[in-house]
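Heads up: the sequence shown begins at 362 in this note's numbering, then just goes up one per residue. Positions of the beta carbon are idealized from the N, C-alpha and C atoms, including for glycine.
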Amino acid sequence: MATELIATGNTLANSADITLASGAYESLFLKDAAGPDTSSEAFALIQIKDSSGQYFTVGKLTKCMVGAQVAGPATYRVQRPGGPPTFGVEKGT
Numbered sequence: 362m363a364t365e366l367i368a369t370g371n372t373l374a375n376s377a378d379i380t381l382a383s384g385a386y387e388s389l390f391l392k393d394a395a396g397p398d399t400s401s402e403a404f405a406l407i408q409i410k411d412s413s414g415q416y417f418t419v420g421k422l423t424k425c426m427v428g429a430q431v432a433g434p435a436t437y438r439v440q441r442p443g444g445p446p447t448f449g450v451e452k453g454t
C-alpha cells in the first residue's frame, strides 16, 4: 500500500523522518498529479540521517530512475528541491 511522503507541489519540501528496522525495506517513487508520468526535470533526493542528526544524500529519484528501495536499519527522509516541475513522492512496503 502506498503512502504519500511529499504532496504534489513545486516548493522545497522534506518528508518526515522514516525509521526502518534491520531487515525492513521500503520502495520510494515519484508521482505526478496526473499520474505516473513525471517531468524530465523532476528529481528528489534520498537522504540518510547520521548519529549526530545530519543528512547525507545517498540517492536520487528522477524521470529515468522513478523508483528506489531503502533498506534498514536506517533513518532517512526524501527532499524535493524547490521550483518547477510539480511532483510528489510516495513510499510503499
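- Comparing C-alpha distances from Q440 to each of A432, S401, L422 and S412 shows the shortest one belongs to L422.
- In its chain, beyond the 5 residues on either side, K392, D393, A394, T447, F448 and G449 have a beta carbon closer than 8 Å to the beta carbon of T369.
- For L373, the secondary structure class from DSSP, reduced to helix, strand or coil, is coil.
- Closest in alpha carbon position to K424, among G414, G396 and Y437, is G396.
- DSSP places G428 within a strand segment (E or B) once states are collapsed to three.
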